[in-house]
Each structure stands twice: as structure tokens, then as C-alpha cells.
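A short write-up of the structure that comes next.
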Amino acid sequence: GAVVSQHPSWVICKSGTSVKIECRSLDFQATTMFWYRQFPKQSLMLMATSNEGSKATYEQGVEKDKFLINHASLTLSTLTVTSAHPEDSSFYICSARDLDALGEKLFFGSGTQLSVL
Amino acid sequence: KQEVTQIPAALSVPEGENLVLNCSFTDSAIYNLQWFRQDPGKGLTSLLLIQSSQREQTSGRLNASLDKSSGRSTLYIAASQPGDSATYLCAVRESYNTDKLIFGTGTRLQVFP
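Structure below.
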């Protein structure tokens, strides 16, 4: 089946540094990818929709200048947390839709646990 | 604003039991509802997707029902096994025009031998 690869699985960084998370669709092309965030004991919340070749669409309350999204190819989207701070510590997970699959097929990456010291 | 709630937050049962996980949503105008499984260190796996016009979907030992009017969905797991231990999430998609999924907080299930 379709696989979405997300790296890194976990990252610890110092406050003020930037962190890049990659999301790759391994065996299908994804014109659209999604980035979610999950704080402890809260539900997954959509941060932004990443569109190949165009600007990402951000959900209300998500700072686009802080969470930079690049979707330069049909198989790769990246999320960069710029100048990370402890409040950005969270679980980040991406998903991608396989348009060629019958029905609606959403595949998720394994997630990235970000800890900002 | 759509809100999705899952009860219970955690559940521990012996192997072989049949169990029911509950999901409720505040706005009945949904496009579809999905149940996912999340294993530690792994991504989400879609288990069942129910379109708004459907009442239930079945896959193996899993059966999901949807009652839009009451804003409820249940995931029934028959003859539970230790391998079913995971966090189960339900998520609604509000309309065809949006790709956004609104997730519940999940039910953490442990099935012990």
C-alpha cells in the first residue's frame, strides 16, 4: 500500500533554532499534503494544507512566517519551524492523499516529536 | 464550530472481549467520518470510512456505525486481541469542499492476554 515517510521521528533543539521536517510520499504522487499538530492530551489539529507548486493554505491562528511550508515536488513537502520556542514543542504529523487510489485514501506519516529546550 | 469527542479516553480489557468505542460530534452536517488507529511511533492507519449517506461499514472484526442525526459514531471491535492495542481516533470531514479533518482526542485501548 501507499506509504508516507516522515523524518525525523524526533528532534530536540535549542530555543531559537530552526527545525525542518520532511514528508515524502514514497509510491504515489501527492499534489496535496497536510500538516497536523498535536499537543499533549489534545486532538490532532490541522495547521496547513500544502499544495505542490503554490503557496500553502494556513488554518486560522497558525503563523505562516513561523511555520514555513515548501511543496516543491509531487512527492515532498517540508515544514520548517523557524526560531523554535518551548511552546512549539509538539507532535507534528503529515498526511497525503493518493488521488489515483479508489475512493478517498489518506496516508499519514509516522510523526515527528519536537522538543524545544 | 465542530467539536469531536471520544469516550472513553482509555480502556483496558482482557483478550476476547467485544468492545465499543464512542465518538460524538456537535454538528451533524458532515461529509464523512473516519476511524483511525495510531500505534506508538507510527502514523495513523485508516480503518473505516463512512460517508454521510451510509449507516455503517465493516472490515473484518471491525464495524463502525454512523448516526448523523444524533451526532454519534461507534466502533465495534469483536473478539479483541492484544494486537488491537493502540489509540483509536475518529475524525470528521465537514464537506466535500474542505480537506480538513477534525479529530477527536482518541481512545487508548489496551487488550491484555
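Quick note, the sequences are listed as chains R and Y, same order.
When we follow the working numbering, the leftmost residue of the first sequence carries the number 1, and every step to the right adds one.
When we follow the working numbering, the leftmost residue of the second sequence carries the number 118, and every step to the right adds one.
Every residue, glycine too, gets a C-beta built ideally from N, C-alpha and C.
Check whether chain Y comes within 8 Å of residue 44 of chain R, counting only Cβ atoms and requiring the distance to be less than that. If you number the first sequence from 1, residue 44 of chain R lands on position 44. So yes, residue 44 of chain R belongs to the interface.
query = For residue 148 of chain Y, which option in Y/137, Y/169, Y/131 has the closest C-alpha, if you only look at C-alpha atoms?
reply = By one-based count along the second sequence, residue 148 of chain Y stands at place 31. Out of Y/137, Y/169, Y/131, Y/169 has the C-alpha closest to the C-alpha of residue 148 of chain Y.
Subject >> Cα-Cα separation between residue 119 of chain Y and residue 142 of chain Y, rounded to whole angstroms >> reply: The count along the second sequence starts at 1 and reaches residue 119 of chain Y at position 2. The count along the second sequence starts at 1 and reaches residue 142 of chain Y at position 25. C-alpha separation (whole angstroms): 7 Å.
*Determine whether the Cβ of residue 110 of chain R lies closer than 8 Å to any Cβ atom of chain Y.*
In the first sequence, residue 110 of chain R corresponds to position 110, counting from 1. Cβ-Cβ to chain Y under 8 Å: yes for residue 110 of chain R.
Quiz prompt | Pair within 8 Å by beta-carbon distance, residue 203 of chain Y and residue 191 of chain Y | solution = Here residue 203 of chain Y refers to the residue found at position 86 when the second sequence is read from its first residue. Here residue 191 of chain Y refers to the residue found at position 74 when the second sequence is read from its first residue. Their beta carbons are not under 8 Å apart, which means residue 203 of chain Y does not touch residue 191 of chain Y by this criterion.
Collapsed DSSP secondary structure at residue 125 of chain Y in the structure displayed:
On the second sequence, position 8 is the one that residue 125 of chain Y refers to. If DSSP states are grouped into helix, strand and coil, residue 125 of chain Y belongs with coil.
Throw me the rounded Cβ distance for the residue 130 of chain Y and residue 197 of chain Y pair, which I believe falls under 8 Å.
Along the second sequence, read from residue 1 onward, the residue named residue 130 of chain Y stands at position 13. Along the second sequence, read from residue 1 onward, the residue named residue 197 of chain Y stands at position 80. Indeed, because the Cβ distance is near 6 Å, the residues count as touching under 8 Å.
### Check whether residue 220 of chain Y and residue 44 of chain R have beta carbons under 8 Å apart
Along the second sequence, read from residue 1 onward, the residue named residue 220 of chain Y stands at position 103. Along the first sequence, read from residue 1 onward, the residue named residue 44 of chain R stands at position 44. Against a cut-off of 8 Å, the Cβ pair of residue 44 of chain R and residue 220 of chain Y comes out as a contact.
* Starting from residue 194 of chain Y, follow the beta strand (DSSP E) in both directions and report where the run begins and ends. => Residue 194 of chain Y sits at position 77 when you count from the first residue of the second sequence. Taken as a continuous stretch (DSSP letters only), the beta strand (DSSP E) holding residue 194 of chain Y covers 189–194.
Residue 183 of chain Y classed as buried or exposed, judged by whether at least 16 other C-beta atoms fall within 10 angstroms: Looking up residue 183 of chain Y in the second sequence gives position 66. Label assigned to residue 183 of chain Y: buried.
- Query: Using 8 Å as the limit for Cβ to Cβ distance, is residue 99 of chain R near chain Y?
  - Reply: Reading the first sequence from its first residue, position 99 is the one you call residue 99 of chain R. No, no contact with chain Y.
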